[in-house]
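Everything below concerns the one structure shown next.
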Amino acid sequence: MKISSATSVGCIRPLNEDSYFVSEPDSGTVLAVVADGMGGHNAGEVASGEAVGIIQKDVLGKSGEPAKDVLVKAISDANREIYEMSIKKQKLSGMGTTITACLADEKSVTAVQVGDSRLYLIRKDEITQITKDHSLVEMLVESGSITKEEARIHPQRNVITRAVGTDRTVDADVYEFAPEEKDILLLCSDGLVNMVEDESILSIIQSAESLDAAAASLVSEAERAGGTDNITVILIQY
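Going from the sequence shown to my numbering is simple: count from 1 and add 4.
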């Protein structure tokens, strides 16, 4: 497997509240995590950073245990720690973060997700969103109140309905599938998908000369389109 990643503060925000991690594929398994923090002052940065650090600590080196169980426990641990921090420190009150994390090896991909950071699968000439956003606009789309196109420009498109650290407990959605040769996994914060449509993401990745070039181009395109939020991408190629 090959990996690449890129992040940017974007064109408007003063601080990058995204955090991410991707391990080297030396062991045959890759851990990838994208977190998009929220909260006043620098609380979003604290929440996303804590979450990524806890997931790294909980997941790396846990060979032999089911990936689903390891990832779900890591999310629970991160939620508890961030929630307790937000109670103890007034300046961190109300902080939280999205999380999309996956463990990928040659035979399987297991992902967990809370919030609206996404996991995509690029297979052959198709891009498929694997995760489902925990967001207000997703609920409106499902109810038929708005279309997917309207959701992209909805004034409340950044309102999420589930986050890590905002309540005592949290439920993470779990996704499992088998990878194929030449598959590409994309983990990203909403700073990418709010600026760049799925088909454009697919075109950028397919036309890039390398995985590094693809990651850099995705970030650049989001910035060119306005860069209204922080932008983070991780690519894993089989």
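Beta carbons are placed, not taken as given, at the ideal position from N, Cα and C, and that holds for glycine.
Cβ-based neighbour list, residue i, same chain, cut-off 7 Å, excluding 5 preceding and 5 following
i: Ala78; result: Ile58, Ile59, Asp62 and Val63
i: Pro29; result: Met5 and Ile7
Spatial distance of residue i from residue j (CA atoms)
i: Lys1; j: Ser97; result: Outside the shown range of the chain, which is 5 to 242, sits residue 1, and nothing can be said about it.
i: Arg161; j: Glu213; result: 33 Å
i: Asn83; j: Val118; result: 10 Å
i: Glu4; j: Lys136; result: No information on residue 4 is available, as it lies outside the stretch 5 to 242 that the chain covers here.
i: Glu153; j: Leu144; result: 12 Å
i: Arg127; j: Gln210; result: 10 Å
i: Val38; j: Ser23; result: 6 Å
i: Leu248; j: Pro183; result: The chain is shown only over 5 to 242; residue 248 falls outside these bounds and no answer can be derived.
i: Thr33; j: Ile150; result: 40 Å
i: Ile205; j: Asp129; result: 12 Å
i: Ala138; j: Gly169; result: Reading the sequence as shown, one finds His at residue 138 and not Ala. If I take the Cα positions, the gap works out to 15 Å.
i: Ile91; j: Gly41; result: 17 Å
i: Glu110; j: Ala220; result: 25 Å
i: Arg122; j: Asn234; result: 14 Å
i: Val50; j: Ile157; result: 28 Å
i: Ala155; j: Gly148; result: 11 Å
i: Ala218; j: Asn46; result: 30 Å
Contacting residues, own chain, Cβ-Cβ under 6 Å from residue i (five flanking each side not counted)
i: Asp194; result: Asp120
i: Lys72; result: Thr114 and Val178
i: Tyr124; result: Ile131, Gln133 and Leu190
i: Met89; result: Leu96
i: Cys15; result: Glu227 and Gly231
i: Pro70; result: none
Cβ-Cβ separation, residue j to residue i (assumed contact under 8 Å), whole Å
i: Arg17; j: Tyr87; result: Between Tyr87 and Arg17 the Cβ distance is about 24 Å, and since that is not below 8 Å, they are no contact.
i: Met5; j: Tyr179; result: So it is not a contact: roughly 18 Å between Cβ atoms.
i: Glu21; j: Gly48; result: 4 Å
i: Leu19; j: Val26; result: No, Leu19 and Val26 are not in contact; Cβ-Cβ is about 22 Å, not under 8 Å.
i: Ile131; j: Asp202; result: 5 Å
i: Val76; j: Ala176; result: 6 Å
Neighbourhood of residue i by C-beta, 8 Å cutoff - its chain only, sequence neighbours within 5 removed
i: Val200; result: Ile208, Leu222, Glu225, Ala226 and Ala229
Selection from the options that minimises the alpha carbon distance to residue i
i: Ile134; options: Leu196, Pro70 and Leu189; result: Leu189
i: Ala115; options: Ser31, Gly41 and Leu191; result: Leu191
i: Pro159; options: Val141, Gly148, Ala182 and Ala176; result: Val141
i: Phe181; options: Ser112, Asp129, Gln210 and Glu203; result: Ser112
i: Val174; options: Asp81, Met143, Glu69 and Lys152; result: Asp81
i: Lys66; options: Gly43, Leu35 and Lys95; result: Leu35
i: Gly43; options: Gln94, Gly231, Arg122 and Asp30; result: Gln94
i: Thr232; options: Glu28, Asn198 and Pro70; result: Asn198
i: Ser31; options: Gly148, Gly68 and Ala155; result: Gly68
Touch check for the region 229 to 241 and the region 7 to 17: three-plus C-beta pairs under 8 Å?
-> yes
Three CB pairs or more closer than 8 Å across the region 48 to 56 and the region 87 to 105 = yes
Does the pairing of the region 162 to 171 with the region 105 to 113 give three or more beta-carbon distances under 8 Å?
-> no
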